Amino acid sequence: MHDKTLTELAAALTAGEFSSRELTQSLLGRIDALDGELNSFITITAEQALADADRADQARAKGEAGPLTGLPLALKDIFCTEGVKTTCGSRMLDNFISPYDATVVEKLKHAGTVCLGKTNMDEFAMGSSNENSFYGPVKNPWDLTAVPGGSSGGSAAAVAAGLVPAALGTDTGGSIRQPASFCGITGLKPTYGRVSRYGIIAYASSLDQAGPMARTAEDCAWLLGAIAGHDLRDSTSVARGVPDYREELGASLSGLKIGLPKEYFGDGLDPNVEAAVREAVRVYESLGATVREVSLPHTHHAIPAYYVIAPAEASSNLSRYDGVRFGHRCDNPKDLIDLYERTRAEGFGEEVKRRILIGTHTLSEGFFDAYYKKAQQVRRLIRQDFLDAFEDVDVLMGPASPTPAFDLGAKKDPVSMYLQDIYTIAINLAGIPGISIPAGLAGSRPIGLQILGPYFAEPQLLNIAHQFQQATDWHRQRPALGEENA
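Each residue of the sequence shown is one higher than the one before, counting from 1 in UniProt numbering.
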């Protein structure tokens, strides 16, 4: 069962090959057997999952099942989930039980899905390797000495290892696409505002966006259809109808115009990654697409702009964690200042403290115009680069990351870690959608192809990814972990 896609599992449930309870029990057993090595989960909700599976089986028996009824998945531990510990990978929220559901969780429950648990992540989504979690690093199932990427590394590792067929992640600067690339799965970052952020623990509010992570583009289309849509509780949610994202799957790619940004193929790009991406582009040419080089001239400004804007927003968002209302609280504070200082010193990890300090400095008097305002001006230029490019081409393609997954502990300084996001950050600054799909291997480590489109082009992106997956089998490759016991 663990080797099937979400789509295949839905068909098997409909055909009566097994029940949702049997499927859920099988995957919970696999998590129990393998996750001790991976550390991809923070919380397993086995009892609740089995109860939900039973309800799904009852609904199916009555003829009331929807397309996703009874299908298991996991949630990144950044989504508030009623009655379940929701930590955001931080000691600060180690004792926090959410009193409500995030909108996407609400929608998935309404669709009849079965949540197996909450996945590990970089603390408050700040990281590119999943080494910044209070609960320890996640390991890549393809190579246990490698990182899975971050911050949604737990979700990516769990899907790649066959612990769940799909999971939700969030993407602030590449945190769905980069771990999808490192773990050899498909990960979609939707257009900003396409999916409600209500109930997602905020890192950088103008950048955060939830999205699906699964084995195939078809699976991501199923999930996006369930979680997308306008939400009155989120002022940044877009009031726009939700299409059937599966409807365009199978459309011809004849005449598709692909742009290759020359800035994505320069110094620092691993030769194995470049070769895999260019071979993937040749596959698209064989499917009827045409290719041309384009330019995104402000790409080199994306990382400095992001690391001004995101920490500034984090500084504001994380100010609520003060030991007063919820979360960690230091013991026996002398006074209010001592309460604030020791609570935050004890509750936050080093990377979170670093970004809070950067953001607080950026927003302080005398530096706001010099840094934050200037970064927002650069952001507008980056957005315009994409708009100009999409005047000439339908989509852009390139690597999701400059390298395959790197070794655990290999990136010692923050700047080298930040540079891992060089091809993903600009997409969040502009708010456009992007998807990463498996496109090769460098030894035992996967390589991802990133495809970018104009605002609300998710149907087109999913079809383009799906067509590649019909023509190749990279998405069907599996890590050896646990297969001897399958």
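Think of the CB as a built atom: it goes at the ideal place given N, C-alpha and C, for glycine as much as any other residue.
Everything numeric in this text was worked out from a predicted model, so none of it was measured.
- [ ] May I ask you to verify whether the region 136-152 touches the region 101-113, counting CB pairs closer than 8 angstroms and requiring at least 3?
- [x] no
- [ ] Take the Cβ of isoleucine 427 as the centre, count every other Cβ of all protein chains shown within 10 Å, and call the residue buried at 16 or more, exposed below.
- [x] buried
Task: Inter-stretch contact at 8 angstroms, needing at least 3 Cβ pairs: the region 24-38 / the region 135-143 - done: yes
TODO: Let me know the secondary structure DSSP gives arginine 476 once reduced to three states.
DONE: The answer is helix: DSSP assigns arginine 476 an H, G or I state.
- [ ] Would you be able to state if there are at least three C-beta pairs under 8 angstroms between the region 312-332 and the region 184-204?
- [x] yes
TODO: Would you identify the three-state DSSP class for lysine 85, choosing helix, strand or coil?
DONE: strand
Task: Stretch pair the region 161-170 + the region 418-434: three plus CB contacts closer than 8 angstroms - done: In short, these stretches do not touch, since the Cβ pair count stays below three.
Task: Where threonine 69 falls: helix, strand or coil (DSSP) - done: coil
- [ ] Could you tell me which residues DSSP pairs with isoleucine 258 in its beta bridges?
- [x] Val291 and Val395
TODO: Evaluate the contact criterion for the region 382-399 versus the region 263-280: three or more CB pairs, one atom per stretch, below 8 angstroms.
DONE: yes
- [ ] Could you name each continuous alpha helix (DSSP H) segment of 4 residues or more that falls completely within the region 305-375, going from the start of the chain to the end?
- [x] 336-347 and 350-363
Task: Beta-carbon contacts of serine 175 that lie in its chain and below 7 angstroms, excluding the five residues immediately before and after - done: Ala125, Gly150, Ser151, Ser152 and Gly169
Open item on the list: Tell me the rounded alpha-carbon separation between glycine 268 and isoleucine 447.
Closed with: 15 angstroms
- [ ] Assuming arginine 91 contacts histidine 328 (C-beta within less than 8 angstroms), just tell me the rounded distance between them.
- [x] 6 angstroms
TODO: Consult DSSP for proline 297 and reduce its assignment to one of helix, strand or coil.
DONE: coil
Open item on the list: Could you tell me the alpha carbon to alpha carbon distance between proline 243 and glycine 434, rounded to whole angstroms?
Closed with: Those two C-alpha atoms are separated by around 17 angstroms.
Task: Distance between glycine 66 and alanine 111 (C-alpha atoms, nearest Å) - done: 7 angstroms
TODO: Work out the CA separation of phenylalanine 368 and leucine 73 for me, nearest whole Å.
DONE: 42 angstroms
- [ ] Compute the Euclidean distance between the alpha carbons of alanine 228 and lysine 334, then round it to the nearest angstrom.
- [x] Just so you know, the alpha carbons of alanine 228 and lysine 334 end up roughly 47 angstroms apart.
Open item on the list: For threonine 236, which residues in the same chain have their Cβ closer than 6 angstroms to its Cβ, ignoring the five residues on either side in sequence?
Closed with: Close CB contacts of threonine 236 within its chain, under the 6 angstroms cut and outside five residues either way in sequence, are with Gly193 (chain order).
- [ ] Mind listing, in chain order, the continuous beta strand (DSSP E) runs of no fewer than 3 residues lying wholly within the region 108-165?
- [x] 114-119, all fully within the region 108-165.
- [ ] Count the other CB atoms, across all protein chains shown, that sit within 10 Å of the CB of glutamine 58; report buried if there are 16 or more and exposed otherwise.
- [x] exposed
- [ ] Express the C-alpha separation of glutamate 346 and leucine 9 in angstroms, rounding to a whole number.
- [x] 44 angstroms
- [ ] Express the C-alpha separation of leucine 71 and glutamate 64 in angstroms, rounding to a whole number.
- [x] 14 angstroms
Task: Exposed unless 16 or more other CB atoms sit within 10 angstroms - verdict on aspartate 392 - done: Result: exposed.
TODO: Using beta-carbon positions only, say whether valine 378 and histidine 298 come within less than 8 angstroms of one another.
DONE: yes
Task: Residue of Thr191, Cys330, Pro304 and Phe326 minimising C-alpha distance to lysine 374 - done: Pro304
TODO: With alanine 439 as the anchor, note down where its beta strand (DSSP E) starts and where it stops.
DONE: 434-442
- [ ] With 8 angstroms as the threshold, decide whether the Cβ of glycine 112 is near any Cβ in chain B.
- [x] Absent from the structure: chain B. Only one protein chain is present.
Task: Cut-off 6 angstroms between Cβ atoms - residues of its own chain near threonine 290, not counting five sequence neighbours on either side - done: Lys257
TODO: State the CB to CB distance for the pair leucine 336 and leucine 34, rounded to an integer number of angstroms; the pair is presumed to be in contact (CB under 8 angstroms).
DONE: Actually they are not in contact, since the Cβ atoms of leucine 336 and leucine 34 sit about 46 angstroms apart, beyond 8 angstroms.
TODO: Please name the residue, chosen from Gln48, Ile31, Ala61 and Ile437, that lies closest to alanine 15 on a Cα-to-Cα basis.
DONE: Ala61
Task: Chain-order list of residues whose beta-carbon lies under 7 angstroms from that of threonine 343 (same chain, five-residue window excluded) - done: Asp322, Gly323, His328, Arg329 and Cys330
- [ ] Just tell me which of Ile464, Cys115 and Ala46 has its CA closest to the CA of threonine 69.
- [x] For threonine 69, the nearest C-alpha among the options comes from Cys115.
Task: Where the beta strand (DSSP E) containing threonine 186 begins and where it ends - done: 186-189
Task: C-alpha distance - lysine 189 paired with isoleucine 356, whole-angstrom precision - done: 25 angstroms
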